[in-house]
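Below is one structure, written out as structure tokens; the observations come after it.
Residue numbers (the working numbering): 38 to 748.
So this is what it looks like as structure tokens:
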């Protein structure tokens, strides 16, 4: 025993001498050593306790913060902050997409986040569609939901906007320049939700991007014509059919092109227009006659060069007659008969025009002029038609070249023209609104995204849809706009959340996410491991200086202290933790004195091994205390092993030696070891050995002193 103590003292002394620095700043070295010990204690506790607690408490958080927890559970904390940033990018973007794509999600972000993280912790029946989607991505494919549903597969129409905003959130957190691109995609998916043809969609999306970046290039005349919200009801398919099939619409448009919705029929090249605007021209010229149908676009083309200042009935009749002659005698034809050869419109010839719901007849007089009754009737209707066609031409000129085959096409009605017209009208309304609310969308691709109000932009896009016939896909995709937090200023909704994302407010995002994942209240002091993890995240994510950094550091220190204080203590109890009760046996080696030992040779001392159980230790100070135990598992074995060889009677009584109630005193040096203590005590013994080697039941007292190992 003396040799053991001497070796321990010499080894400790050699360590201190070897570690003593060759300079005078011993206080700094002691502080550094203490700091290193504390850091090692924290890391050791995190490795064995905090990481396990997080993984058990929230499997979803363990999946998304895999890199962070892996660094946290290792000795290498140098890249812990970077790993936490990267993991938060993914979890926040996934949550944004999941929240927006789940129709029945609560408006309160905290409630929604609890449900999001609880999905992966549910092991039994609760598996709604939202949770099933998340589980299929995370558990089955081991990939983030955003990657599975928005990148690896083509999202459905009602999830496109959610995908766009989720990708925008990811780009904002990663501080990539694609944020505006994804937000613009979201706006396009709202106002172009009715477009199924991908080629047409791409054309319109490119046009929308051009108008948003250069809003002045959206012609005001086109904006006034198709961006009027009052036209919303008239652009529906039943309304267009009713409008364009009514002859009164054409007449109203001819009388006042600027105040009539008849231009809609021309915008989609409605199938009723050729019949309503085409003319039948019948010419009787002596013995010759001609009956020709003239398409309205040919009449409109001929009117381009018609001089309205010198217009008369004669010039109007002759213009239509010339169009009819050109239709009968196309260029390059080799027709030698009338009307392609010979004199046309000789005196007394008649021209009868059935046009615009009217029939007007003119006669060539002796002077060669065509006259009609009532006077100037033909001239007036021709001028009206010319004015209307000029209005159509003005609108046609405003249509971008990429849409010229869909809108105001001078021919038969193109497929999808009505859908394109409604989509362009929504685009125009959106751009017109953003013109006046310029602070929502700065036409500058390099502009910072910190002030980008995504939710307000989505509100503007929904307003551009109109109230009459909004596409169902767009309505479903924007359902999240109607969900608001009801807790006042103490809660967050999706608008607040996306503003935090755009501002890269990692600390707020992390605190709200982690608290929801761990279901941890702000004032909950009973869970030090989770609290430590939250404060560690806040400390790592605090990129600012001054008060915020000071507060974060103070909170981290307090949480670390609470964590260490709540740690399961090992070895000897300290004065602050006076009592320790353990179910593990305490192993000791000691020198035991017993009067009954004289039967073995006259020496009452024995060196014995003990295994006292269960144990209790009470500290009087950091160096001294009392201890108690009930049983000694090694006592019967020691009794059998240490007696002289021979025959003994009634050895069954040796089992009574297992019962050893003991009360002792321990003395230790915690600076050297918290597991080794010198002890002395007194115990009761309930078995006796007589001189004739006969065991029996009897009570005696055992005094012991020795060295014990405390777990």
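Ideal placement from N, C-alpha and C gives every residue a C-beta, glycine not left out. Nothing here was measured: the structure is a model prediction, and the numbers come from that model.
Next on the checklist: By the three-class DSSP mapping on this structure, what secondary structure does residue 232 have?
Outcome noted: In the three-state reduction of the DSSP assignment, residue 232 falls in the coil class.
Checklist entry - Is residue 738 buried or exposed, if buried means 16 or more other CB atoms sit within 10 Å of its CB? => result Answer is exposed; the Cβ neighbour count stays below 16.
Next on the checklist: Check for me: the beta strand (DSSP E) holding residue 327 runs from which residue to which?
Outcome noted: 325-331
Checklist entry - If we count the other Cβ atoms within 10 Å of its Cβ and call it buried at 16 or more, is residue 428 buried or exposed? => result Answer is buried; the Cβ neighbour count reaches 16.
Item to check | Segment contact, 8 Å Cβ cut-off, at least three pairs: the region 460-473 with the region 255-270 | outcome: yes
Item to check | Own chain residues within Cβ distance below 7 Å of residue 332, not counting five before or after | outcome: 311, 315
Checklist entry - Should residue 88 and residue 109 be called a contact, given that it needs their Cβ atoms to be closer than 8 Å? => result Residue 109 is positioned such that its CB atom lies closer than 8 Å to that of residue 88.
Checklist entry - If you run the structure through DSSP and keep just helix, strand and coil, what is residue 422? => result helix
Next on the checklist: Let's test the definition: count the other Cβ atoms within 10 Å of the Cβ of residue 341 and tell me whether it reaches 16, buried, or not, exposed.
Outcome noted: exposed
Item to check | Limits of the alpha helix (DSSP H) - the one that residue 679 falls within | outcome: 672-679
Checklist entry - Span of the beta strand (DSSP E) holding residue 365? => result Per DSSP, residue 365 belongs to no beta strand (DSSP E); it is in the alpha helix (DSSP H), 350-365.
Next on the checklist: Taking its Cβ as the centre, do 16 or more other Cβ atoms sit within 10 Å of residue 393, making it buried, or is it exposed?
Outcome noted: Per the 10 Å Cβ criterion, buried.
Next on the checklist: Let's test the definition: count the other Cβ atoms within 10 Å of the Cβ of residue 618 and tell me whether it reaches 16, buried, or not, exposed.
Outcome noted: The residue in question, residue 618, is exposed, as its Cβ has fewer than 16 Cβ neighbours within 10 Å.
Checklist entry - Since residue 246 contacts residue 511 with CB under 8 Å, what's their CB separation in whole angstroms? => result Not quite, the Cβ-Cβ distance comes to about 18 Å (not below 8 Å), so this is no contact.
Checklist entry - beta strand (DSSP E) containing residue 703: first to last residue? => result 696-704
Item to check | Three-pair Cβ contact test at 8 Å for the region 651-669 versus the region 696-705 | outcome: The region 651-669 makes contact with the region 696-705: 3 or more CB pairs, one atom from each, lie closer than 8 Å.
Checklist entry - When DSSP labels each residue in this structure, what does residue 158 get in the three-state scheme? => result coil
Checklist entry - Cα-Cα, which of 100, 499, 519, 337 is closest to residue 180? => result Closest option to residue 180, Cα to Cα, is 100.
Next on the checklist: To the nearest angstrom, how far is the alpha carbon of residue 86 from that of residue 597?
Outcome noted: 13 Å
Checklist entry - What is the rounded straight-line gap between the Cα of residue 154 and the Cα of residue 621? => result Their backbone Cα atoms lie some 38 Å apart in a straight line.
Next on the checklist: Measuring only the C-alpha atoms, how far is residue 328 from residue 424?
Outcome noted: 27 Å
Next on the checklist: Can you list, in chain order, the residues of its chain with a C-beta nearer than 6 Å to that of residue 114? Leave out the 5 residues immediately preceding and following it.
Outcome noted: none
Item to check | Backbone CA spacing between residue 660 and residue 615 [nearest angstrom] | outcome: In a straight line, the C-alpha of residue 660 is about 11 Å away from that of residue 615.
Item to check | Distance CB(residue 9)-CB(residue 157) smaller than 8 Å | outcome: An answer regarding residue 9 cannot be provided, because it is not within the stretch 38 to 748 covered by the chain.
Item to check | residue 478 - partner residues in DSSP beta bridges | outcome: None; residue 478 has no bridge partner.
Checklist entry - Is residue 663 helix, strand or coil when you go by DSSP? => result In this structure, residue 663 counts as strand in the three-state DSSP scheme.
Checklist entry - What did DSSP end up calling residue 445 once you bin it into helix, strand or coil? => result coil
Checklist entry - Taking the C-alpha atoms as reference points, what is the distance between residue 104 and residue 124? => result Distance from the CA of residue 104 to the CA of residue 124, rounded to the nearest whole angstrom, comes to 7 Å.
Checklist entry - Is there contact between the region 440-453 and the region 219-229, where contact requires at least three CB pairs shorter than 8 Å? => result The region 440-453, when compared against the region 219-229, does not touch it at the 8 Å Cβ threshold.
Checklist entry - Excluding sequence positions up to five away, which residues of its chain have a Cβ less than 6 Å from the Cβ of residue 401? => result So the qualifying residues of the chain are 382, 384, 386, 407.
Next on the checklist: Give me the residue from 347, 346, 336 with the minimum Cα distance to residue 364.
Outcome noted: Out of 347, 346, 336, the CA that lies nearest to the CA of residue 364 is found in 336.
Item to check | Cα-Cα separation, residue 543 to residue 575 | outcome: Taking the straight line joining both Cα atoms gives about 9 Å.
Checklist entry - Ends of the alpha helix (DSSP H) at residue 301? => result 300-304
Next on the checklist: For the structure I just gave you, are there three or more beta carbon pairs, one from the region 449-459 and one from the region 298-309, closer than 8 Å?
Outcome noted: Counting Cβ pairs under 8 Å, three or more are found: they touch.
Next on the checklist: I need the straight-line Cα distance from residue 684 to residue 722, nearest angstrom please.
Outcome noted: 22 Å
Item to check | With 16 other Cβ atoms within 10 Å as the buried cut-off, status of residue 662 | outcome: When all chains shown are included, residue 662 counts as buried.
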